[in-house]
Amino acid sequence: MDEFALIRRLFAPLATSEGAAGLGDDVAILASPGNGAVIVTTDAIVEGVHFLTSDPLDTVARKLVRVNVSDIIAKGGRPFAASLTLVWPNGREADELQEFAAGLGEDLEKWGVRLIGGDTTSTPGPLTLSMTMHGHCPGADGPVRRSGARIGDLVAVSGVIGRGWLGLRAARGELPEEAARIWLPAYQEPDIQGLDIADLVARVASSSIDVSDGLLADAGHIAEQSKARLQLRLDRIPLALGVDGEDEAQVMEMLTGGDDYQVLFTLAPDDEHELRRSGLELTVIGDVVSGEGVDLFRADGSVVDVAKGGWTHF
Ligand code: ADP
Ligand code: MG
């Protein structure tokens, strides 16, 4: 059973509140007090899985904050509060915690988030960090869901895709030294979009998700929740690295390789001018049609086989 089947089968039946969206979204709605919605997300990062034992702990703290902020801003929300669960390995030098706290404080402030609580414990296992983050969606419509894509909408993505994969390769020691120096920061401290994207998403997006499982898998999540088909144009997708057009295998790695923390969203064609007006780095990469799943087309109209969808943990 993959990660998503497991969640669907074992946990979704327990998530009976409307705000949980059947565990089919990036955030849950906690309350809609009349001036928008309060939303919540949780993400954990684990030594040896999401960061290296040798990574400086201030960068680990920033990564923890950003993977959570990414979910909130992709929904058109502003993060405001976070709690931290720290599971510290027995025998690891506790002095390192100062570095962690410094990075944590800096990054929380950068995003306008206050720490409100947490829990601290120790383990014979790897350093494990979990953060729960709350955000506010000011509009009457609440968070932009994965489920709102409509037939005829355009599909857009922020930034570039592939930094996550290149960063992971750098972390695994698979890149030459110079390239590793360039891409390792994408793994250690993902350079996520700023709060401006939240405003744009809230204004124009019919559905939205942050890219954390690979672009194609996350497009698949929108397709599934929206009960529609996403048609993406391979030649339109902005890639982190110019690759030889022949090297489609490498392009596919970038499209399935995971943690880019960009925002993938759909919007009505009438709103396309808003993308340019925003001044943000945004690209239209496809459209929404009836059906299900994700299609990837080459410039010549031929279809790319997208067998390997993206990253899952099981
Ligand atoms: P994201 O990548 O946006 O953080 P995930 O792919 O991790 O989202 O999770 C998808 C959905 O499943 C989310 O709604 C999340 O809250 C839920 N989920 C994931 N793991 C669990 C779990 N162990 N128990 C309950 N819900 C979970
Ligand atoms: Mg997400």
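Residue numbering for the sequence shown follows my numbering, beginning at 145 and increasing consecutively.
Cβ coordinates follow ideal geometry from the N, Cα and C atoms, glycine included.
- Taking one beta carbon from each stretch, the stretch 278-288 and the stretch 239-249 have fewer than 3 pairs nearer than 8 Å; the two do not touch.
- If you look at residue 152, you'll find it isn't in any beta strand (DSSP E); DSSP assigns it neither H nor E.
- Close CB contacts of residue 418 within its chain, under the 8 Å cut and outside five residues either way in sequence, are with 344, 347, 348 and 411 (chain order).
- Scanning 340, 318, 314 and 165 for the CA closest to the CA of residue 332 turns up 314.
- Counting along the chain, residue 160 sits inside no alpha helix (DSSP H), nor does DSSP assign it H or E at all.
- Here the alpha carbon of residue 378 sits roughly 22 Å from the alpha carbon of residue 312.
- Distances between the C-beta of residue 185 and the heavy atoms of the ligand ADP include at least one below 7 Å.
- Distance from the C-beta of residue 326 to the nearest heavy atom of the ligand ADP is not below 7 Å.
- Per DSSP, the unbroken beta strand (DSSP E) holding residue 408 starts and ends at 407-411.
- Rounded to the nearest angstrom, the gap between the Cα atoms of residue 145 and residue 153 is 9 Å.
- According to DSSP, residue 228 shares a beta bridge with 262 and 275.
- Contact between the stretch 187-201 and the stretch 297-311 is not established, with fewer than three Cβ pairs separated by less than 8 Å.
- Looking at the DSSP output, residue 315 shares a beta bridge with no other residue.
- At a cut-off of 7 Å, the beta-carbon of residue 363 does not count as near the ligand MG: no heavy atom of the ligand is closer than that.
- DSSP places residue 175 in the uninterrupted beta strand (DSSP E) bounded by 172-175.
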